[in-house]
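Engineer: As you go down the protein sequences, you meet chains A and E in turn. First residue of the first sequence: 7, per our numbering; consecutive thereafter. First residue of the second sequence: 9, per our numbering; consecutive thereafter.
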Amino acid sequence: MSFFKQIFSVAWLSVRTIRQRIGSSAVAVVGIAGVVIVFVAVLSIAEGFQAAMKNAGQPDRALIMRGGASDEMSSGLAGDAVEVMKQAPGIRRENNQPLASTELYVIVDLPKRSTMTAANVPMRGIVPITPQVRYDTRIMAGRMLTFGTNEIVAGRGAAAQFAGVSVGSQIKTGQVTWTVVGIFEAGGSVAETELWADARVVQGAFRRNNSFQSVLVRLESPEQFTKTKNWLTTNPQLNVSVVDESVYYSDHSANMTTLIRKVGFGIAVLMAVGAVFGAILTMYTAVSTRTREIATLRALGFNTTSVVISVLVESLVLGGLGGLAGGVLAYVAFNGYQTSTMNFQTFSQVAFAFAVTPWLLAQGLTYALIMAFFGALLPAVKAARLPIASALREL
Amino acid sequence: MKYLPLIWKSLWRRKVRTTFTLLSIFIAFLLFGLLMTIRAAFSLGVDLAGLDRLVLIHKISLVMPLPESYKGRLQTMPGVEIATHNSWFGGVYQDPKNFIAQIAVEPTEFMEIYKEYKLPPQQKKAWLEDRQGAIAGKDIAERFGWKVGDRIPIQATIWQPKGGGTTWEFNLVGIYDGDAGVDKTQFFFRYDYLNENRAQGEGLVGWYIVKIKDASQSLKMAQTFDEMFANSQAETKTTTEKGFVEGFAKQIGDIGSIMIAILVAVLFTILLVVGNTMAQAVRERTSELAVLKTLGFTDTAVLALVLAESLFVAVVGGGLGLFMAWLIVQGGDPTGGFLPAFTLPNRDIVTGVALMVLVGVVAGILPAAGAMRLKITDALRKA
Numbered sequence: 007m008s009f010f011k012q013i014f015s016v017a018w019l020s021v022r023t024i025r026q027r028i029g030s031s032a033v034a035v036v037g038i039a040g041v042v043i044v045f046v047a048v049l050s051i052a053e054g055f056q057a058a059m060k061n062a063g064q065p066d067r068a069l070i071m072r073g074g075a076s077d078e079m080s081s082g083l084a085g086d087a088v089e090v091m092k093q094a095p096g097i098r099r100e101n102n103q104p105l106a107s108t109e110l111y112v113i114v115d116l117p118k119r120s121t122m123t124a125a126n127v128p129m130r131g132i133v134p135i136t137p138q139v140r141y142d143t144r145i146m147a148g149r150m151l152t153f154g155t156n157e158i159v160a161g162r163g164a165a166a167q168f169a170g171v172s173v174g175s176q177i178k179t180g181q182v183t184w185t186v187v188g189i190f191e192a193g194g195s196v197a198e199t200e201l202w203a204d205a206r207v208v209q210g211a212f213r214r215n216n217s218f219q220s221v222l223v224r225l226e227s228p229e230q231f232t233k234t235k236n237w238l239t240t241n242p243q244l245n246v247s248v249v250d251e252s253v254y255y256s257d258h259s260a261n262m263t264t265l266i267r268k269v270g271f272g273i274a275v276l277m278a279v280g281a282v283f284g285a286i287l288t289m290y291t292a293v294s295t296r297t298r299e300i301a302t303l304r305a306l307g308f309n310t311t312s313v314v315i316s317v318l319v320e321s322l323v324l325g326g327l328g329g330l331a332g333g334v335l336a337y338v339a340f341n342g343y344q345t346s347t348m349n350f351q352t353f354s355q356v357a358f359a360f361a362v363t364p365w366l367l368a369q370g371l372t373y374a375l376i377m378a379f380f381g382a383l384l385p386a387v388k389a390a391r392l393p394i395a396s397a398l399r400e401l
Numbered sequence: 009m010k011y012l013p014l015i016w017k018s019l020w021r022r023k024v025r026t027t028f029t030l031l032s033i034f035i036a037f038l039l040f041g042l043l044m045t046i047r048a049a050f051s052l053g054v055d056l057a058g059l060d061r062l063v064l065i066h067k068i069s070l071v072m073p074l075p076e077s078y079k080g081r082l083q084t085m086p087g088v089e090i091a092t093h094n095s096w097f098g099g100v101y102q103d104p105k106n107f108i109a110q111i112a113v114e115p116t117e118f119m120e121i122y123k124e125y126k127l128p129p130q131q132k133k134a135w136l137e138d139r140q141g142a143i144a145g146k147d148i149a150e151r152f153g154w155k156v157g158d159r160i161p162i163q164a165t166i167w168q169p170k171g172g173g174t175t176w177e178f179n180l181v182g183i184y185d186g187d188a189g190v191d192k193t194q195f196f197f198r199y200d201y202l203n204e205n206r207a208q209g210e211g212l213v214g215w216y217i218v219k220i221k222d223a224s225q226s227l228k229m230a231q232t233f234d235e236m237f238a239n240s241q242a243e244t245k246t247t248t249e250k251g252f253v254e255g256f257a258k259q260i261g262d263i264g265s266i267m268i269a270i271l272v273a274v275l276f277t278i279l280l281v282v283g284n285t286m287a288q289a290v291r292e293r294t295s296e297l298a299v300l301k302t303l304g305f306t307d308t309a310v311l312a313l314v315l316a317e318s319l320f321v322a323v324v325g326g327g328l329g330l331f332m333a334w335l336i337v338q339g340g341d342p343t344g345g346f347l348p349a350f351t352l353p354n355r356d357i358v359t360g361v362a363l364m365v366l367v368g369v370v371a372g373i374l375p376a377a378g379a380m381r382l383k384i385t386d387a388l389r390k391a
């Protein structure tokens, strides 16, 4: 019992006296906070990007593209083949209409607000049934476009990231002028980066005749996927590949998220090694300024274990403070920060928001404590080994 | 110079401390080197893009095709040295996750315009003779273990072959190399092979590259081209290749600022840690420094001694860190094809050295000034 009491009183003593070593303690806290900020911020980019792509997929939707096509951009489907696809079993029907959205996916150049340089903005040609298939989208300002006209609705992300996209504004692409009549939201998913126009008008403007690029179908239930897929892929009239929409989007974000994660973790690991060295230095400084104090404690009969633990506890307190401060700062500064990047697989822009998730914050804090622990190990051992007589004489 | 042993001795007075200070600075500059490399890589080799090369894309966007017939009209324009076109193939080699840029080109014109791609003469000849011939960059060839003579199957995503199926086969006839910064991860094959064998889209090309005689005329020429094709079926947008690459890099986002923000955080932290350590080192030695002064060392000499110590730590630690970064970068792109221009620019090495000196001076200046101002009598009594 007295053993624990000893540990506790020495640890409490070193925590209470942190204030007297405020300079070097602050260095440790700031150093660790810095690492945690960078760690959380970089990984929140990957989290946000992945969330935007993940939210786009619904388990009860399937995407039909030409066989061999890896994405909507490279796919192409003839108008008459599309009519056959609509007959596939398992597709949900409303008022006797199959919920199959025949779509085009093209790219237009619009200036990015942040740099005013041209960016590849995806434009999707849609049909009147599309809103029932893409049931997770909602017009949040203005109104839905009128089919048969040059009207478009823009995603929330597109309106935020690209110049000149707002209700009432006009967008010129080539020789066609479009009028933005509404802004829609889609749960923060990648669809919010898109501009939607009538597929028939897009066919004309982009010289696609009567062809589409993909068909997005809403299934009666997610379990119908295999049945629908088999029917479509074994039909001799068709040459298509069918993918689960959520699989499609997670595949298309895999490269990008892996890249960000690799770079992010690499930077964070190096910074952590640097921070551990920094913490070691700081704790050494702390121990050496307390040399006489520690020697006095030991002369009074406190055992070495309690001295070691007191140094570790002090460091963990500082590390915890740094981790918390870093996490809070990263959250305040970066959570929800809107930006956009290019997804190389479709050559088009994806707007997303940095996402500082609780899980990331927990990782950051754990990381801070690990750094603090390893930073304090050597100095703690040094403190315990000080020969009492000579230590008392020092500085 | 004669004080060197003195500086050396005081540095190693606390071995562990000096070692860890060196290591902290080492890591900081290792990071500096790597982050600057990433920053340069994300600018996609913009420094190498030519000002005398213009890129013509479809006005609506890069992915819209242009007619093959524009070549003849561009070629006859005054001031044009050579015009050619490229087409994006976008196929898949083995696994969709293997990202390889495959581009259909006209070999003769291509090699004339892109002198930075170095190809041995006999391989050039072989390429001109073989319609199915293709050349690959050194890095990509190493990655997949390709050798000249290999047959490389690629699955079509956009351009389906006329004969059915989805596979295109190419003969690897050459492997190109280039100076640092040249993208050695691309795969080039012949446009005539693509055009004759694709199921649809005959006569359509991706974009045009025009080499002009006088780089100073680039803006004017760009305007002339765009006017020439205005109100046609396919209007164009012309920029210098440098502007084009820059614009493309900007589409990825502002990686540069993110990297610099991280570095500021790193360097600031290092400055705090090293400054704190130097201050501690001077505090511990108060009596020693007083003795030095008693022996006749001037205030300035003491200031210089402490500063020299701090500078030494910063420059040696930082220098080794930057060298380490350089060594790692020599190993090439770690992401397997995403960052083709993976090199540490000379400009950033110079900046790095300047930063080391700055860190050394800033971290050492306060403790050094403190040491300079020490009064012998006070200092001796303090001990």
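The C-beta atom is built at its ideal place from N, Cα and C for all residues, glycine as well. Remember, it's a predicted structure, so these values are computed and weren't measured experimentally.
Give a yes or no on whether the C-beta atoms belonging to Glu120(E) and Ile143(E) are separated by under 9 Å.
Structural biologist: Not a contact, by the Cβ cut-off of 9 Å.
Engineer: Give, in chain order, every residue of the segment 66-85 of chain E whose Cβ lies closer than 9 Å to some Cβ of chain C.
Structural biologist: Going by chain labels, chain C is absent from the structure shown, which instead holds the protein chains A and E.
Engineer: Gln288(E) touches chain A at which residues, Cβ-Cβ below 9 Å?
Structural biologist: Residues of chain A passing the Cβ test: Ser30, Leu287, Tyr290, Thr291, Ser294, Thr295.
Engineer: Please confirm whether Ala382(A) has its beta-carbon closer than 9 Å to some beta-carbon of chain E.
Structural biologist: It does not; no Cβ of chain E falls within 9 Å.
Engineer: With DSSP run on the structure shown, which of helix, strand or coil describes Ser252(A)?
Structural biologist: Helix at Ser252(A).
Engineer: Name the residues in the segment 52-86 of chain A whose C-beta lies less than 9 Å from a C-beta of chain E; which are they?
Structural biologist: Here the close residues are Arg72, Gly73, Gly74, Ala75, Ser76, Asp77, Met79, Ser80, Ser81, Gly82.
Engineer: Report back the beta-carbon spacing between Val196(A) and Val48(A) to the nearest angstrom; my notes put them in contact at under 8 Å.
Structural biologist: Not quite, the Cβ-Cβ distance comes to about 21 Å (not below 8 Å), so this is no contact.
Engineer: How about Trp184(A) and Gly131(A): are their beta carbons less than 9 Å apart?
Structural biologist: Contact: no.
Engineer: By the 9 Å beta-carbon criterion, what residues does the segment 215-238 of chain E contribute toward chain A?
Structural biologist: Cβ contacts with chain A: none found.
Engineer: Assuming contact is defined by CB atoms lying nearer than 9 Å, are Gly145(E) and Lys192(E) in contact in what I supplied?
Structural biologist: A contact, by the Cβ cut-off of 9 Å.
Engineer: Under 8 Å between beta-carbons, which chain A residues line up against Asn284(E)? List them in chain order, please.
Structural biologist: Per Cβ cutoff of 8 Å: Gly29, Ser30, Val33, Leu287, Thr288, Thr291.
Engineer: Between Gly3(A) and Ala281(A), what straight-line distance do the alpha-carbon atoms span, to the nearest angstrom?
Structural biologist: Residue coverage of chain A in this structure runs from 7 to 401, which leaves residue 3(A) outside it and unanswerable.
Engineer: Scan the segment 28-53 of chain E for residues whose Cβ lies nearer than 8 Å to a Cβ of chain A and list them as they occur along the chain.
Structural biologist: Within the segment 28-53 of chain E, the residues whose Cβ lies closer than 8 Å to some Cβ of chain A are Phe28, Thr29, Leu31, Ser32, Ile35, Ala36, Leu38, Leu39, Leu42, Leu43, Ile46, listed in chain order.
Engineer: Would you say Ala91(E) lies against chain A (beta-carbon separation less than 9 Å)?
Structural biologist: It does not; no Cβ of chain A falls within 9 Å.
Engineer: Suppose you measure from the CA of Ile65(E) to the CA of Pro161(E); what does that come to, to the nearest Å?
Structural biologist: Approximately 29 Å, taken between the alpha carbons.
Engineer: What residues in its chain sit with their C-beta under 6 Å from that of Ser175(A), if we drop five residues either side in the sequence?
Structural biologist: If we look at Ser175(A) and ignore the five residues flanking it on each side, its Cβ neighbours are Val186.
Engineer: Where do the ends of the alpha helix (DSSP H) carrying Ser321(A) lie?
Structural biologist: That run of the alpha helix (DSSP H) goes 310-340.
Engineer: What does the alpha-carbon distance come out to for the pair Gly172(E) and Pro134(A)?
Structural biologist: Taking the straight line joining both Cα atoms gives about 35 Å.
Engineer: Check Gly161(A) in the structure and name its three-state DSSP category.
Structural biologist: Note: Gly161(A) maps to strand in three-state DSSP.
Engineer: Look up Glu76(E) in the DSSP assignment and say whether it is helix, strand or coil.
Structural biologist: Three-state result, Glu76(E): coil.
Engineer: At least one CB of chain E closer than 9 Å to the CB of Gly276(A): is that the case?
Structural biologist: Looking at the sequence shown, residue 276(A) is not Gly but Leu. Taking Cβ atoms only, chain E reaches closer than 9 Å to Leu276(A), which makes this a yes.
Engineer: Contact defined as beta carbons within less than 8 Å: I believe Phe379(A) pairs with Leu322(A). What is the distance between those atoms, to the nearest angstrom?
Structural biologist: About 6 Å separates the two Cβ atoms, so the contact holds.
Engineer: Give me the chain E residues within the contact set of Gln243(A), using Cβ-Cβ distance strictly less than 8 Å, ordered along the chain.
Structural biologist: Here the premise fails: no neighbours, minimum Cβ distance about 16 Å.
Engineer: Classify Gly141(E) as helix, strand or coil using the three-state DSSP reduction.
Structural biologist: In this structure, Gly141(E) counts as strand in the three-state DSSP scheme.
Engineer: Alpha carbons only, please: which of Arg304(A), Ser259(A), Ile300(A), Lys388(A) is nearest the one belonging to Phe358(A)?
Structural biologist: Of Arg304(A), Ser259(A), Ile300(A), Lys388(A), the residue nearest in Cα terms is Ser259(A).
Engineer: Are the Cβ atoms of Ile33(E) and Val282(E) separated by less than 9 Å?
Structural biologist: Yes; because the gap between Cβ atoms is below 9 Å, this pair is in contact.
Engineer: Just checking: is the beta-carbon of Asp262(E) within a distance shorter than 9 Å of some beta-carbon in chain A?
Structural biologist: Yes, contact with chain A.
Engineer: Can you give me the C-alpha to C-alpha distance between Ile15(E) and Thr308(E), rounded to a whole angstrom?
Structural biologist: Spanning the two alpha carbons is a distance of roughly 15 Å.
Engineer: With a threshold of 9 Å between beta carbons, is Gln355(A) in contact with chain E?
Structural biologist: With 9 Å as the cut-off, Gln355(A) counts as an interface residue toward chain E.
Engineer: So, for Pro95(A): in the same chain, excluding its five sequence neighbours on each side, which residues have a beta-carbon less than 7 Å away from its beta-carbon?
Structural biologist: Correct list, in chain order: Lys233, Thr234, Trp237.
Engineer: Given 8 Å as the limit, is there contact between the segment 177-184 of chain E and the segment 84-101 of chain E, that is, 3 or more CB pairs closer than that?
Structural biologist: The answer is no - the segment 84-101 of chain E does not touch the segment 177-184 of chain E, with fewer than three Cβ pairs under 8 Å.
Engineer: So the candidates are Leu202(E), Phe196(E), Gln259(E), Val272(E); which of them puts its Cα closest to the Cα of Leu127(E)?
Structural biologist: The shortest C-alpha separation from Leu127(E) is found at Phe196(E).
Engineer: So Tyr199(E) and Ala112(E) are supposed to be a Cβ contact under 8 Å. How far apart are they, rounded?
Structural biologist: Rounded, the Cβ-Cβ distance is 4 Å, consistent with contact.
Engineer: Mind checking if Gly98(E) is an interface residue toward chain A, Cβ cutoff 9 Å exclusive?
Structural biologist: True, the Cβ-Cβ gap to chain A drops below 9 Å.
Engineer: Cβ of Thr29(E) within 9 Å of Cβ of Gly325(E)?
Structural biologist: Cβ distance < 9 Å, so Thr29(E) and Gly325(E) count as in contact.
Engineer: Give, in chain order, every unbroken run of the beta strand (DSSP E) that is at least 3 residues long and sits entirely within the segment 20-71 of chain A.
Structural biologist: Within the segment 20-71 of chain A, no complete beta strand (DSSP E) run reaches 3 residues.
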